[in-house]
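Below is one structure, written out as structure tokens; the observations come after it.
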Ligand code: 5GP
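Numbering (the working numbering), first residue to last: 327 to 510.
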């Protein structure tokens, strides 16, 4: 019998209320920084969708958005391979782009996305990430806006998955070890 998702969580790192509060602060910051410019949000699927959905409604400016599919992870360990699985609908030439990411770990995914987008001649490109995990950063890459900086743990919830599950948790947590490693 399937057990409730919440029983699989060892620890809640950020509650729903903490997340909503931080997202509002980020939205206010973007509203201030992009006043007078047309903001174009490029979201990396699928983990960033809850963040995008909350963030965009806290930005008090005219904006547009587009989605990009990139795959880089399988299971709990990075395969080190980044692949474009779905391209943008629209051209970003001459536009002020903000890349919306769920989490930056090694930075491999974002380096790939940045390289790819910069070839399309946008007016500017900045990065916003919900979570930043700087411990294993290989590529020299920094986000311009960060929700929370976290230690080197595998987290799930608020868009982040383990094997495509737990994305719908409204909080961010750490999975119990026996969920992904099997019973000890
Ligand atoms: P990077 O390329 O920076 O190493 O990894 C970025 C991608 O790896 C993220 O977009 C996310 O899909 C996945 N990832 C990295 N760390 C975590 C984590 O702690 N939990 C989950 N669920 N995914 C992660």
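Cβ atoms here follow ideal geometry from the backbone N, Cα and C, with glycine treated the same way.
As the structure is a computational prediction, the values presented were derived from the model and not from experiment.
**Request:** Give the DSSP-derived three-state secondary structure of residue 397 in the structure shown.
**Result:** strand
**Asked** In the structure shown, what three-state DSSP assignment does residue 467 receive?
**Response** coil
**Prompt:** Out of curiosity, what's the CA-to-CA distance linking residue 457 and residue 471?
**Reply:** 10 Å
**Request:** Consider the C-beta atom of residue 380 and the heavy atoms of ligand 2; say whether any pair is separated by less than 7 Å.
**Result:** The ligand content of the structure shown is limited to ligand 1, which means ligand 2 is not among them.
**Asked** From residue 363 to residue 374, what does the alpha carbon distance come to, in whole angstroms?
**Response** 23 Å
**Prompt:** Is the distance from the Cβ of residue 496 to the Cβ of residue 484 below 8 Å?
**Reply:** yes
**Prompt:** By the 10 Å Cβ neighbour count, where 16 or more other Cβ atoms means buried, how is residue 427 classified, buried or exposed?
**Reply:** buried
**Message:** Less than 8 Å between the beta carbons of residue 420 and residue 464, yes or no?
**Reply:** no
**Message:** Any heavy atom of ligand 1 closer than 7 Å to the beta-carbon of residue 436?
**Reply:** yes
**Prompt:** Would the beta-carbon of residue 367 fall within 8 Å of that of residue 382?
**Reply:** yes
**Prompt:** Just the Cα atoms here: how many angstroms apart are residue 417 and residue 391?
**Reply:** 11 Å
**Asked** So the beta strand (DSSP E) residue 340 belongs to, where does it begin and stop?
**Response** 335 to 340
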